[in-house]
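Asker: This is the structure, below, for whatever I ask next.
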Amino acid sequence: SMLPLLAEAIATRGVQVLLLQGARTPAELLYGDDFRAFADAHPQFRYMPCFSRELPEQPHADVRHGYVQQQLAECAPD
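Here the UniProt record's numbering is used: the first residue of the sequence shown is 1, the next is one more, and so on.
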């Protein structure tokens, strides 16, 4: 898994990471639970799953409806 390497980079370099992942429905989202758990454990990592068709029944605050490219403006640094 890439997550231990990412945790090391966050810790040693002090970077912030944003991962946007697209899927049509929650059932099609790959590794969503792993990325959410990692985000919960690492405040410098933000995970934003984007669903183009169906949202989860109880979406996390970082869940977005639409396509990944539609969310980029929200994520762009000032």
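C-beta atoms are modelled at their ideal positions from N, C-alpha and C, and glycine is treated no differently.
For Arg64, count the other beta carbons within 10 Å of its own beta carbon; 16 or more makes it buried, fewer makes it exposed. Which is it?
Answerer: Taking the sequence shown and counting its residues from 1, one reaches residue 64 at position 64. It is buried - the Cβ of Arg64 has at least 16 other Cβ atoms within 10 Å.
Asker: Following the continuous alpha helix (DSSP H) through Pro56, name the residue where it begins and the one where it ends.
Answerer: One-based indexing of the sequence shown puts residue 56 at position 56. It is not in any alpha helix (DSSP H) - Pro56 carries neither H nor E in the DSSP assignment.
Asker: Asp33 to Arg13, Cα distance in whole Å?
Answerer: By 1-based counting over the sequence shown, the position of residue 33 is 33. By 1-based counting over the sequence shown, the position of residue 13 is 13. So the alpha carbons of these two residues sit roughly 25 Å apart.
Asker: For my contact list, Leu6 and Met48 are in at a C-beta cut-off of 8 Å; report their separation, rounded to the angstrom.
Answerer: What you label residue 6 is simply residue 6 of the sequence shown in a count that begins at 1. What you label residue 48 is simply residue 48 of the sequence shown in a count that begins at 1. No, Leu6 and Met48 are not in contact; Cβ-Cβ is about 15 Å, not under 8 Å.
Asker: Which runs of the beta strand (DSSP E) at least 3 residues long sit entirely within the stretch 10-51? Give them in chain order.
Answerer: Whole beta strand (DSSP E) segments, 3+ residues: 17-23, 45-51.
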